[in-house]
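Put into structure tokens, the structure is as follows:
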């Protein structure tokens, strides 16, 4: 395990990740920070907590949309169901790991 220091909304957070995942974590943190910056422009009076909640809800919405697209592709036979199921499993596992990391950060 590695510890990576990321900066989000001006605060530093030390997050753990698997060996070799450091660059990916830094990139994800940078994207998340950018998302929060955009949200703060749209919601200038929102607290950081509210921005984090809104970002999480927006991500859940995007995940739901992607999940629906995958289900439609399988339903209409647009692609191989086995490979889509495997992709969905990998995506779900990644999201669960990310959620656990965020939970550890805030509990």
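Numbering (my numbering), first residue to last: 307 to 413. A virtual CB, placed ideally from N, CA and C, is assigned to each residue, including glycine. Predicted model, so just to flag it, every value in this text is computed and none were measured.
Beta-carbon within less than 6 Å of residue i's beta-carbon, same chain only, minus the 5 sequence neighbours each way: which residues are those?
i, result
"residue 313", "none"
"residue 307", "322"
"residue 309", "320, 322"
"residue 339", "314"
"residue 360", "345"
Do residue j and residue i count as a contact pair if the criterion is CB distance below 9 Å?
i, j, result
"residue 357", "residue 349", "yes"
"residue 321", "residue 407", "yes"
"residue 404", "residue 345", "no"
Give the DSSP bridge partners of residue i, in chain order.
i, result
"residue 312", "319"
Alpha carbon to alpha carbon, how far is residue i from residue j?
i, j, result
"residue 378", "residue 391", "12 Å"
"residue 395", "residue 352", "35 Å"
"residue 401", "residue 371", "14 Å"
"residue 398", "residue 355", "25 Å"
"residue 362", "residue 337", "13 Å"
"residue 367", "residue 347", "20 Å"
For residue i, collect the residues of the same chain with a Cβ closer than 8 Å to its Cβ; drop the 5 residues on either side in sequence, then sort them by chain order.
i, result
"residue 393", "376"
"residue 332", "310, 312"
Residues in its own chain within less than 7 Å of residue i by CB, not counting five upstream and five downstream?
i, result
"residue 369", "401"
With a cut-off of 9 Å, does the C-beta of residue i fall near any C-beta of chain D?
i, result
"residue 369", "In the structure shown, chain D cannot be found, because there is only a single protein chain."
**Report entry** Runs of alpha helix (DSSP H) wholly within the stretch 351–383 (minimum 4 residues, chain order)
**Finding:** 354–381
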